[in-house]
Structures are given as C-alpha cells and as structure tokens.
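Trainee: In the numbering used here, the protein residues as written are 2 to 191. Just dropping this structure here.
Have a look at this one:
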C-alpha cells in the first residue's frame, strides 16, 4: 500500500519505478519467498527506508508492481465497444489468464500472504480482486442491457462463479488459456 508523503524529501517516481521493476524481476527469477526487502532495495539502487516510505511490506510492493503491469495486459474493457459482449468478456478473460499464467507463482504467493496478513488481504482485495470482479460484472450487465445475456441471471453471482473457476485453476496450477476462457463463456452464454 502506498503511503502518503508527510514531509522530508519528495517521493521520487524514478525510485518507485526502480523498486517495482526490481521486485518483479527478482521475484520472477528467485521466487517470492527467496527475495527480501533488502535485496529489492539494493537491486533498485535505493535505500531500504525509501522502500518503506512507499510500501509497508514486500507484498504491498509486489502487488503494486503487478497491478501496474496488469493494467497494460488486462485493463478494463470499454463498455462503449460495440462488439458482442460475449467477445469482449472472452477477450478480457484471455488477457487476464495470460497475465496470471505469466505470473502464477507470484500470484499464488500474494494470495498466501493475504491469508496471513489481514491488512494486506484488505489491500489485495480492494486493489486487485474487487476491480476485476467489477469489470466482469459490468460486462455481464452490459450483455443484459443488450439482450445478449438473460436479465434473469444474477450478474454478481455469475461473476463470482467465473472468478471461482479461474482462481481454483490458478491455485492448482491448471491451464489458464483462451480455450478455458471460451469454455467459461460457453457455459453462461450458450
């Protein structure tokens, strides 16, 4: 979780970027549990206190770095897109699955950290899980308004089913790919 600056030197965007990049690179190379705050700070070329001025924990830093990267791969789909909602949802899920596959070990480590640390759990849920849940729910509601998805279906519940399916696969190291995205869509749209 980012902390607000309360004085002293201004927060450097360059230092933050270096810390995020170092965290992702090191965690991907060595594994989450084998990388310490000290190693990340050293690799980024900044003081450890600089890191702690921005994030409370390693998990918070890695989550911010991963979240920023996810925005490039799996940003919220435009609700103004005129393509079929089914296509939009399948494309979105495929992008999410690609990101989760590339970062599976890191995501599993963050999920584990969220089970141990309540404050991090709240951050992980608010910054990563809930926004993606809303994106899928919004797409399902769009499909309902367009008559592409039954208005009798509970969009929030269906979104929960979709998330349950892919989180289960992620945790059990099962394939998350375009075929699985199509299978999910077929279950709800066919």
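Glycine included, each C-beta is placed from N, C-alpha and C at the ideal position. Quick caveat, the model's predicted, so the values are computed rather than measured.
Given a cut-off of 8 angstroms, decide if residue 171 and residue 109 are closer than it, judged by their beta-carbon atoms.
Mentor: yes
Trainee: Does the distance from the C-beta atom of residue 156 to that of residue 142 stay below 8 angstroms?
Mentor: Yes, the pair counts as a contact, with Cβ atoms nearer than the cut-off.
Trainee: Residue 86 by DSSP, collapsed to three states: which one?
Mentor: helix
Trainee: Where does residue 80 sit, in a helix, a strand or coil, going by DSSP?
Mentor: coil
Trainee: What span of residues does the alpha helix (DSSP H) with residue 159 cover, start to end?
Mentor: Its alpha helix (DSSP H) spans residues 156 to 172.
Trainee: Given residue 121, which residues of its chain have a CB within under 7 angstroms of its CB, disregarding the five upstream and five downstream residues?
Mentor: 58, 60, 61, 114 and 115
Trainee: Spatial neighbours of residue 78 within its chain, please: CB distance less than 6 angstroms, with the 5 preceding and 5 following residues excluded, ordered by chain position.
Mentor: Result list for residue 78: 89 and 93, in chain order.
Trainee: Taking just the CA atoms, how far does residue 80 sit from residue 140?
Mentor: Looking at the two C-alpha atoms, the distance is approximately 7 angstroms.
Trainee: Taking the C-alpha atoms as reference points, what is the distance between residue 55 and residue 17?
Mentor: 8 angstroms
Trainee: Taking all protein chains shown into account, decide if residue 163 is buried (16 or more other Cβ within 10 angstroms of its Cβ) or exposed.
Mentor: For residue 163, the number of other beta carbons within 10 angstroms of its own is at least 16, and it is reported as buried.
Trainee: Have a look at residue 183 and residue 150 and give me their C-alpha separation to the nearest angstrom.
Mentor: 15 angstroms
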